[in-house]
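>
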Amino acid sequence: MRATRLVLVAGIAAAGLALAGCSGGSGGGSAGGDGHGPITYVQGKDNNNIVRPLIDKWNAAHPKEKVTFKEQSDKADQQHDDLVQHFQAKSTDYDVVDVDVVWTAEFAAKGWLTPLEGQYKIDTSKLLPATVKTATYNGKLYAAPQASDGGLLYYRSDLVPTPPTSWDEMMKDCDIAKANGINCYAGQLAQYEGLTVNASEAINGAGGTVVDTSGKPTLTTSDAEKGLDQLVQGVKDGNIPQEVLTFQEEQGRTAFEAGKYLFMRNWPYAYSLATTDATSVVKDKFKVAPLVSASTLGGHNAAISTYSKNKATALDFVKFLESNETQTYFAQKGSLAPVVASLYDDPTLVKQLPYLPTLKESILKAVPRPVTPFYPAVTKAIQDNAYAALKGTDSTKDALDNMQKAIQSATAG
7 MRATRLVLVA GIAAAGLALA GCSGGSGGGS AGGDGHGPIT YVQGKDNNNI VRPLIDKWNA
67 AHPKEKVTFK EQSDKADQQH DDLVQHFQAK STDYDVVDVD VVWTAEFAAK GWLTPLEGQY
127 KIDTSKLLPA TVKTATYNGK LYAAPQASDG GLLYYRSDLV PTPPTSWDEM MKDCDIAKAN
187 GINCYAGQLA QYEGLTVNAS EAINGAGGTV VDTSGKPTLT TSDAEKGLDQ LVQGVKDGNI
247 PQEVLTFQEE QGRTAFEAGK YLFMRNWPYA YSLATTDATS VVKDKFKVAP LVSASTLGGH
307 NAAISTYSKN KATALDFVKF LESNETQTYF AQKGSLAPVV ASLYDDPTLV KQLPYLPTLK
367 ESILKAVPRP VTPFYPAVTK AIQDNAYAAL KGTDSTKDAL DNMQKAIQSA TAG
């Protein structure tokens with residue numbers, strides 16, 4: 007669920023990519039209703055069990071505007087498809103929806119999200135600018151930043167006192183894993199959104215890019231090949247076990263908690279679980295560091311469905327989600343990355359969550375994925391071809407050539 011890096015600038019040719027047939031998302035507030043009353047909040051699996059207590063708090067204070075929580079699966083692709091099906095049906099069942107940052111443009115372009123302007127305007131002055139960009143399409147804000155995300159390198163500090171700062175250093179440290187009878191590195195390399203993130207981070211970390219600032223793919227370069235080939239060679243060498251090609255976030259997290267891996271690339275949410283799960287054998291044996299390559303910018307935004315009947319309540323709930331109090335709660339109980347900038351420098355919070363400075367660094371240096379209504383086709387092109395290289399079906403060069411062509415086709419309209 008956190009799925010989230012391509013040097014795909016937040017403005018990835020938004021004007022050019024919003025083709026005539028896809029740019030009708032400016033009218034969002036015309037459907038549905040503006041009333042107060044019960045609403046439904048939709049989000050992916052609540053791994054940290056933080057949503058229900060939060061909604062209980064809201065409901066206690068708003069007995070006539072109660073929120074019902076609709077929990078989706080823990081798979082981002084399934085979450086996306088569920089939202090699409092309800093939007094296409096113009097369903098009034100979903101009021102506030104948790105939107106991965108890479109879905110904002112797609113949903114906004116199709117008129118499914120209520121623009122947060124006029125009577126729906128929210129204050130974004132206290133938020134991290136990068137998070138606001140992820141919720142903006144064609145110059146309009148379509149969602150409220152709710153949780154940011156940056157990738158972190160989890161490492162066994164009892165075995166590796168000093169974390170690696172480059173891919174080559176990390177691969178050399180794999181000898182430590184072998185000496186201790188454990189595996190070396192786990193990322194998210196299954197054929198899904200997480201692979202887009204991991205492949206893009208590898209490419210960017212080697213000095214390559216996936217697209218340029220105009221949105222054109224730039225994958226046929228030696229730097230891009232070097233980056234993707236690091237993952238490919240890691241699999242060939244066994245430093246990245248074959249099982250990692252089936253790993254999404256949760257599989258990697260549970261394997262790391264079980265003490266089976268020296269390093270893990272994952273999102274901040276895994277921190278609280280690794281320190282609190284009764285079954286975690288690494289509670290006091292791991293730390294986090296910046297990734298050896300710049301992170302993908304991840305995160306989730308809260309959006310109001312165009313078809314909601316009670317948009318006034320939906321707006322109040324959205325503001326509640328990004329309040330300082332809620333953002334602090336998310337950080338403390340779920341190790342989610344706050345969208346309120348000042349919380350990263352709060353001494354009390356930093357003392358409780360010592361990874362916050364590292365997370366802030368990750369987010370500030372993170373590269374966003376494309377803001378494009380064609381994102382599902384773009385990410386599929388990356389996933390399919392990166393996976394072919396990892397499995398050895400295609401050479402790294404051929405995989406990147408095919409990726410380049412597929413992205414060109416996907417964004418051609």
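Each number in the working numbering comes from the position in the sequence shown (counting from 1) with 6 added on.
Each residue gets a CB set at the ideal place from its N, CA and C atoms; glycine is no exception.
1) Which residue comes first and which comes last in the alpha helix (DSSP H) that contains Thr354?
2) Going by C-alpha distance, which of Lys371, Pro169, Leu195 is nearest Pro135?
3) With DSSP collapsed to three states, give me the class of Asn189.
4) Looking at the unbroken alpha helix (DSSP H) that takes in Leu327, where does it start and where does it end?
5) From the DSSP output, which residues share a beta bridge with Met270?
6) Helix, strand or coil for Glu445 per DSSP?
7) Cα-Cα, which of Leu225, Pro374, Ala347 is closest to Pro363?
8) Could you tell me if Gly31 is buried or exposed, where buried requires 16 or more neighbouring beta carbons within 10 angstroms of its beta carbon?
9) Can you grab the Cα-Cα spacing for the pair Glu263 / Gly187, in whole Å?
10) Using DSSP with H/G/I as helix, E/B as strand and the rest coil, what is Asp424?
11) Return the first residue and the last residue of the beta strand (DSSP E) that Asn4 is part of.
12) Looking only at C-alpha atoms, which of Glu207, Lys70, Thr227, Asn54 sits nearest to Gly41?
13) Using 8 Å as the cut-off, can you tell me whether the region 144 to 157 makes contact with the region 114 to 121, which would need three or more C-beta pairs spanning the two stretches below that distance?
14) Rounding to the nearest angstrom, what Cα-Cα distance links Asp243 and Asp99 in this structure?
15) Quick one, are the C-beta atoms of Gly304 and Val107 less than 8 Å apart?
16) Which residues in the same chain have their Cβ closer than 6 Å to the Cβ of Leu297, if we skip the five residues on either side of it in sequence?
17) Exposed or buried, which one is Arg58 when buried takes at least 16 other CB atoms within 10 Å?
18) One question on the structure: do Leu342 and Ala230 come within less than 8 Å of each other, judged by their Cβ atoms?
19) Just to confirm before moving on: does the CB-CB distance between Gln152 and Ala308 stay below 8 Å?
20) Could you give the DSSP three-state label for Ile56: helix, strand or coil?
21) Looking at the unbroken beta strand (DSSP E) that takes in Gln85, where does it start and where does it end?
22) How about Leu251 and Ala183: do their beta carbons lie closer than 8 Å?
23) Of all the options Gly38, Ala37, Met409, which has the alpha carbon lying nearest to the alpha carbon of Thr224?
24) Is DSSP giving Ser154 helix, strand or coil here?
25) Can you find at least 3 beta carbon pairs, one from the region 172 to 179 and one from the region 285 to 301, that sit closer than 8 Å?
26) Fully enclosed by the region 366 to 401, which alpha helix (DSSP H) runs are 4 residues long or longer?
27) I need the DSSP call for Gln49, collapsed to helix, strand or coil.
28) Going by beta carbon distance, what residues of the same chain come within less than 6 Å of Lys289, once the five residues before and after it are set aside?
29) Output the boundary residues of the alpha helix (DSSP H) element that contains Val238.
30) Residues in its own chain within less than 7 Å of Ala383 by CB, not counting five upstream and five downstream?
31) Give the list of continuous alpha helix (DSSP H) stretches no shorter than 4 residues that lie fully inside the region 87 to 136.
32) Measuring straight from C-alpha to C-alpha, what distance separates Val103 and Lys178?
33) What does the Cβ neighbour count give for Gln91, buried or exposed, with the cut at 16 atoms within 10 Å?
34) Just mark Glu77 as buried or exposed, buried being the case when its beta carbon has 16 or more other beta carbons within 10 Å.
35) Within the continuous beta strand (DSSP E) that includes Val294, where are the two ends?
36) Just tell me which of Ala320, Gln236, Tyr277, Thr319 has its CA closest to the CA of Lys403.
Concretely, from the data shown:
1) For the purposes of this step, residue 354 is taken as the residue at position 348 of the sequence shown. Element bounds for Thr354: 353 to 358.
2) For this step, residue 135 is matched to residue 129 along the sequence shown. Among Lys371, Pro169, Leu195, the Cα nearest to that of Pro135 belongs to Lys371.
3) Residue numbering aside, residue 189 sits at position 183 when the sequence shown is read from its first letter. Asn189: strand per DSSP, three-state reduction.
4) Working through the sequence shown from its first residue, we reach residue 327 at position 321. 317 to 327 is the span of the alpha helix (DSSP H), which, as asked, contains Leu327.
5) In the sequence shown, the residue the question calls residue 270 occupies position 264. DSSP, once it has assigned bridges, lists Tyr160, Ala192 as partnering Met270.
6) Here the chain has residues from 7 to 419 only, and residue 445 is not among them.
7) On the sequence shown, residue 363 is found 357 positions in, with the first residue counted as 1. Considering only alpha carbons, the answer is Ala347.
8) What you label residue 31 is simply residue 25 of the sequence shown in a count that begins at 1. Residue confidence for Gly31 is low, a pLDDT of 39 falling below 50, so the modelled location carries little weight and cannot support an answer.
9) As a position in the sequence shown, residue 263 is number 257, starting the count at 1. As a position in the sequence shown, residue 187 is number 181, starting the count at 1. So the alpha carbons of these two residues sit roughly 15 Å apart.
10) As displayed, the chain neither begins before 7 nor continues past 419, which places residue 424 out of reach and without an answer.
11) Residue 4 lies beyond the residue range present for the chain, which begins at 7 and ends at 419; the question has no answer from this structure.
12) For the purposes of this step, residue 41 is identified with residue 35 of the sequence shown, where counting begins at 1. Nearest of Glu207, Lys70, Thr227, Asn54 to Gly41, Cα basis: Lys70.
13) yes
14) Within the sequence shown, numbered from 1, the residue matching residue 243 stands at position 237. Within the sequence shown, numbered from 1, the residue matching residue 99 stands at position 93. Spanning the two alpha carbons is a distance of roughly 50 Å.
15) Locating residue 304 in the sequence shown gives position 298, where the first residue counts as 1. Locating residue 107 in the sequence shown gives position 101, where the first residue counts as 1. In this structure, Val107 lies closer than 8 Å to Gly304 by Cβ.
16) Counting from one through the sequence shown, the residue named residue 297 turns up at place 291. Taken in chain order, the residues that qualify are Gly157, Leu159.
17) Taking the first residue of the sequence shown as position 1, residue 58 is located at position 52. Exposed is the call here.
18) Taking the sequence shown and counting its residues from 1, the one referred to as residue 342 is at position 336. Taking the sequence shown and counting its residues from 1, the one referred to as residue 230 is at position 224. No; because the gap between Cβ atoms is not below 8 Å, this pair is not in contact.
19) Your numbering for residue 152 matches position 146 in the sequence shown. Your numbering for residue 308 matches position 302 in the sequence shown. Yes; because the gap between Cβ atoms is below 8 Å, this pair is in contact.
20) Translated into positions along the sequence shown, residue 56 becomes position 50. Coil.
21) Working through the sequence shown from its first residue, we reach residue 85 at position 79. No beta strand (DSSP E) holds Gln85; the alpha helix (DSSP H) holding it covers 82 to 94.
22) Walking along the sequence shown from the start, residue 251 turns up at place 245. Walking along the sequence shown from the start, residue 183 turns up at place 177. No, the pair does not count as a contact, with Cβ atoms beyond the cut-off.
23) Sequence index remark: in the sequence shown, residue 224 carries index 218 (1-based). Of Gly38, Ala37, Met409, the residue nearest in Cα terms is Met409.
24) In the sequence shown, counting from the first residue as 1, residue 154 sits at position 148. In this structure, Ser154 counts as strand in the three-state DSSP scheme.
25) yes
26) 381 to 397
27) As a first step, residue 49 is located in the sequence shown; it is residue number 43 there, counting from the start. The answer is strand: DSSP assigns Gln49 an E or B state.
28) The sequence position of residue 289 within the sequence shown is 283, counting from 1. Once the five neighbours on either side are set aside, the close Cβ partners of Lys289 are Thr281.
29) On the sequence shown, residue 238 is found 232 positions in, with the first residue counted as 1. Note, Val238: alpha helix (DSSP H), 228 to 243.
30) Within the sequence shown, residue 383 is the residue found at index 377, counting from 1. Ala416.
31) 110 to 115
32) Here residue 103 refers to the residue found at position 97 when the sequence shown is read from its first residue. Here residue 178 refers to the residue found at position 172 when the sequence shown is read from its first residue. For Val103 and Lys178, the distance between alpha carbons rounds to 44 Å.
33) Sequence index remark: in the sequence shown, residue 91 carries index 85 (1-based). It counts as exposed.
34) Within the sequence shown, numbered from 1, the residue matching residue 77 stands at position 71. It counts as exposed.
35) As a working note, residue 294 is residue 288 in the sequence shown. Where Val294 is concerned, the enclosing beta strand (DSSP E) stretches over 292 to 296.
36) In the sequence shown, counting from the first residue as 1, residue 403 sits at position 397. The option with the nearest alpha carbon to Lys403 is Gln236.
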